[in-house]
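Undergrad: Residue numbers (the working numbering), protein chains in the order written: chain A, 1 to 417; chain B, 1 to 225.
Yeah, the Cβ is synthetic: ideal placement off N, Cα and C, and Gly gets one too.
Treat the numbers as computed from the prediction; the structure is a model and nothing was measured.
Just dropping this structure here.
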Amino acid sequence: MNLIARITILFVFVSLVVFLIGGVISFNVMMREVNFEQRRFLIERLDGLEKRLERRPVKDTASWTKLKIIRMPELMEDRTSFSDTVVMHNQLDRLEPHLRLDAVRTVDGVSYQISLYDIIIEPDDIRDGLVESLVTMYLILLGAVLIIGFMASYFILRPFNVTLDIIKNFSLTGSNQQVVFQKSNVIEFNRLNHFLEEMTNKVRSDYQSLKEFSENASHELQTPLAIVQSKLEVLMDGENLTEEQLEQISFVQSAIKRLSNLSNALALLTKIENREFENVSEVDLSGLLSKMLEEFKELIELKSIERDESITETAKIQADQVLIELMLTNLINNAIRHNWEGGKIKVDLNGSELTISNTGQELTIPGDQLFERFKKSNQSSHSMGLGLAIVKKICDYYDYEIGYEYKDDFHTIHIRF
Amino acid sequence: MKLLLVEDQEELASSIRNYFSKEGDVCEVADSFAKATEKLYAFSYDVLLLDLMLPDGDGLSLLRVIKENWTDMGVVIISAKNALNDKLKGLELGADDYLPKPFHLAELNARANAVYRRRKQDGKRTLSFNEIELNLDNHEVMVNDKSIELTRKEYELLHYFVVNQNRLLTKQAIAEHLWGDYMDTMDSFDFVYQHIKNLRKKIMEAGGKDYLKTVYGAGYKMKDE
């Protein structure tokens with residue numbers, strides 16, 4: 001629900017409450033005024049009656065419509081009191097509340113008890129009138145609120161929506177030019193835009209330096225490794241080294257290679273995380289997979305692994321070719337590396353689902369940890385434990401579904417593109 | 001082969017220079033782009049070994065300048081950046097090869113040689129070691145003028161040995177040369193052994209001598225005793 005809709009609903013609700021309370025208050029105020037007028041009216045009639053009694057005293061009892069005069073046997077003190085009563089209305093033919101005045105007046109030494117009642121406006125007429133006018137006003141208000149809401153979102157909130165669009169399209173790796181927000185004549189929007197402008201620039205420059213740092217860290221590591229590597233080779237080329245010494249140097253060399261690969265893999269993971277692969281094109285998945293398997297053919301044969309593949313010809317996806325190649329390389333490499341001598345590999349690409357299964361030692365870690373960095377089943381193995389983490393990262397990058405299961409001696413990784 | 005190495009890491013530069021000097025190649029070193037251009041204007045080189053990260057400029061823009069002025073010189077980039085786009089950009093700008101650091105000196109030597117021979121226009125493009133002769137154009141191998149049948153990997157292996165003759169080639173360097181980074185398991189060493197065994201057999205069957213010597217604990221060496 002957007003901002004304007006929320007505010008409108010809140011406003012409609014609050015105004016409903018206000019109208020209800022206002023209605024009750026109006027009704028009470030009106031009733032008070034009507035009552036007051038009614039009392040005045042009855043008092044005036046009472047005065048009139050007094051004057052009439054002066055001229056023509058009543059002998060015993062006199063009664064007209066809404067009026068009754070009783071002559072009292074003895075002298076009584078004057079008093080006036082109002083009360084509510086219910087009287088049959090002669091036109092409406094139903095009981096209606098009336099205001100009643102009971103008074104005692106002494107005229108020419110004779111006390112009369114006078115009772116008067118009357119009605120000017122019935123309360124339900126007032127109520128009906130009030131309800132009708134309030135409902136009409138409320139409907140007009142609703143209409144006005146909807147129109148204002150519509151105008152607000154399309155005119156007043158326009159700069160805000162433009163800003164939102166700009167933020168939505170903001171990319172860390174995007175063009176280097178600054179993000180420019182529209183000027184608006186609303187102070188708050190300008191403050192927001194100013195803040196966003198500063199923030200996006202800050203984020204970009206921070207990101208840039210972080211990126212440079214992780215890349216540089218990787219490069220800076222490779223240079224000393226290259227020096228060590230070259231010196232070791234010079235050393236090995238010497239004439240008088242024993243077999244054992246040569247073997248020790250070989251171990252150092254392979255450790256250097258691992259360190260270098262590790263640093264490269266970490267730099268790669270950072271790059272994927274930083275979304276630096278945006279060179280999207282149509283990738284012929286079937287063709288690429290066949291090509292990859294061909295490249296690995298020798299390794300598969302050298303390990304006497306039986307290969308079983310079924311690839312449909314038509315699988316195509318939109319992605320960065322480099323990443324997809326990397327993903328397939330890592331998957332196939334993984335299936336070969338963790339396989340038995342003389343094991344099996346099954347590759348199945350069917351439409352948008354890729355399944356790679358291989359025989360191999362059962363995992364010592366839970367299957368769901370397989371895609372985490374540095375998680376490897378055999379801690380002493382020479383693999384880095386980053387291959388599948390990279391695969392997972394690429395799948396996350398493109399929202400591909402990836403899963404692992406171990407069934408019937410086969411490790412199976414399936415990816416749904 | 002005359003090489004110019006543009007590399008600001010003194011320790012690495014000296015190792016590379018010594019390696020090539022032992023081969024009988026001339027390898028000169030420049031530690032900055034300014035010195036490199038100075039040398040390029042004064043002398044002529046067959047192959048330039050270029051580090052992309054120099055103190056006085058971005059390697060890729062330097063490469064552009066070099067390719068504009070010295071078109072017939074081969075360029076091998078040696079870079080600490082294993083970034084794919086750098087590699088693509090380098091090759092696009094006219095570099096012949098791209099070798100990420102750290103590398104085996106034997107690998108650098110093989111790459112520089114390949115670039116050098118590919119660019120050499122005159123005469124037959126062959127490499128030979130005593131009675132063994134490799135034709136670089138059609139990958140044909142002759143032993144005592146008799147053609148022998150090698151698989152692609154065996155040819156690559158033999159080529160690697162001939163280019164780096166009299167040098168110790170570690171099993172790791174050979175595995176990386178043949179299979180690149182795919183192969184970093186210990187298994188690969190057995191595969192290297194199998195390939196060498198097959199190659200040795202094929203050469204000896206054609207009447208060649210066994211030049212592939214095993215250096216225990218380290219690797220192999222091609223030499224004539």
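Starting from Ser81/A, follow its DSSP beta bridges and name the residues at the other end.
TA: DSSP lists Asp102/A as partners of Ser81/A.
Undergrad: Measure the C-alpha to C-alpha separation of Asn161/A and Phe36/A and round it to an integer number of angstroms.
TA: Cα-Cα distance, rounded: 57 angstroms.
Undergrad: With distances taken between CB atoms, is the gap from Ile345/A to Ile300/A smaller than 8 angstroms?
TA: Cβ atoms of Ile345/A and Ile300/A: closer than 8 angstroms.
Undergrad: Enumerate, from N- to C-terminal direction, the unbroken beta strand (DSSP E) stretches of 3 or more residues contained entirely within the stretch 305-348 of chain A.
TA: 306-311 and 316-320, all fully within the stretch 305-348 of chain A.
Undergrad: Under a CB-based cut-off of 8 angstroms, is Asn161/A close to chain B?
TA: Output row for Asn161/A: interface = no.
Undergrad: Under a three-way DSSP split, which group does Phe251/A fall into?
TA: Correct three-state label for Phe251/A: helix.
Undergrad: Between Glu325/A, Ala226/A and Ile413/A, which lies nearest to Leu84/B when the distance is taken from Cα to Cα?
TA: Per the Cα distances, Glu325/A.
Undergrad: Specify, as a first and last residue, the run of the beta strand (DSSP E) that Ser153/A falls within.
TA: From DSSP, Ser153/A is part of no beta strand (DSSP E); its letter is neither H nor E.
Undergrad: Hey, does Ile16/B have any beta-carbon neighbour from chain A nearer than 8 angstroms?
TA: So, interface residue.
Undergrad: Give me the chain A residues within the contact set of Arg167/B, using Cβ-Cβ distance strictly less than 8 angstroms, ordered along the chain.
TA: In chain order: Asp237.
Undergrad: So, at 7 angstroms on beta carbons, what are the nonlocal neighbours of Ile166/A in its own chain, with the 5 sequence-adjacent residues on each side left out?
TA: For Ile166/A, where only same-chain residues beyond five positions count, the Cβ hits under 7 angstroms are Val179 and Phe181.
Undergrad: Would DSSP call Tyr207/A helix, strand or coil?
TA: Of the three classes helix, strand and coil, the one that applies to Tyr207/A here is helix, per DSSP.
Undergrad: Suppose only complete runs of 4+ residues qualify. What are the alpha helix (DSSP H) ranges in the stretch 105-151 of chain B, listed by chain order?
TA: Runs found: 105-119.
Undergrad: Where in the stretch 55-90 of chain B do unbroken runs of the beta strand (DSSP E), each at least 3 residues long, occur, reported from the N-terminal end onward?
TA: Runs found: 74-79.
Undergrad: Per DSSP, Val215/B forms a beta bridge with which residues?
TA: Beta-bridge pairing links Val215/B to Gly219/B.
Undergrad: If the cut-off is 9 angstroms on Cβ atoms, which residues from the stretch 206-229 of chain A count as contacting chain B, listed in chain order?
TA: Against chain B - using a Cβ distance shorter than 9 angstroms - the residues of the stretch 206-229 of chain A are Glu215, Ser218, His219, Glu220, Leu221, Gln222, Thr223, Pro224, Leu225, Ala226, Ile227, Val228 and Gln229.
Undergrad: His177/B CB to nearest chain A CB: under 8 angstroms?
TA: His177/B does not count as touching chain A.
Undergrad: So, at 7 angstroms on beta carbons, what are the nonlocal neighbours of Asp8/B in its own chain, with the 5 sequence-adjacent residues on each side left out?
TA: Excluding positions up to five away in sequence, the list reads Asp31, Ser32, Asp51, Leu54 and Pro55.
Undergrad: Indicate whether Ser133/A and Ile4/A have their beta-carbon atoms separated by less than 8 angstroms.
TA: No, Cβ-Cβ distance for Ser133/A and Ile4/A is not below 8 angstroms.
Undergrad: Please classify Pro102/B as buried or exposed, where buried requires at least 16 neighbouring CB atoms within 10 angstroms.
TA: Classification for Pro102/B: buried.
Undergrad: If you measure between the beta carbons of Arg416/A and Glu353/A, is that distance less than 8 angstroms?
TA: The answer is yes: Cβ separation under 8 angstroms.
Undergrad: What is the DSSP secondary structure of Gln194/B, counted as helix, strand or coil?
TA: In this structure, Gln194/B counts as helix in the three-state DSSP scheme.
Undergrad: So Asn82/B contacts chain A; which residues on that side make the cut at Cβ distance below 9 angstroms?
TA: The answer, in chain order, is Ser218, His219, Gln222, Ser260, Ser263, Asn264, Ala267 and Leu268.
Undergrad: Could you pull out every residue in the same chain whose Cβ sits closer than 8 angstroms to the Cβ of Met31/A, ignoring the five residues on either side in sequence?
TA: Within the same chain, Met31/A has close Cβ partners Pro123 and Ile126.
Undergrad: Hey, how far is the Cα of Leu67/A from the Cα of Pro73/A?
TA: The straight-line gap from Cα to Cα measures roughly 20 angstroms.
Undergrad: Where Val26/B and Lys231/A are concerned, what is the direct C-alpha to C-alpha distance, given to the nearest angstrom?
TA: Rounded to the nearest angstrom, the two C-alpha atoms are 20 angstroms apart.
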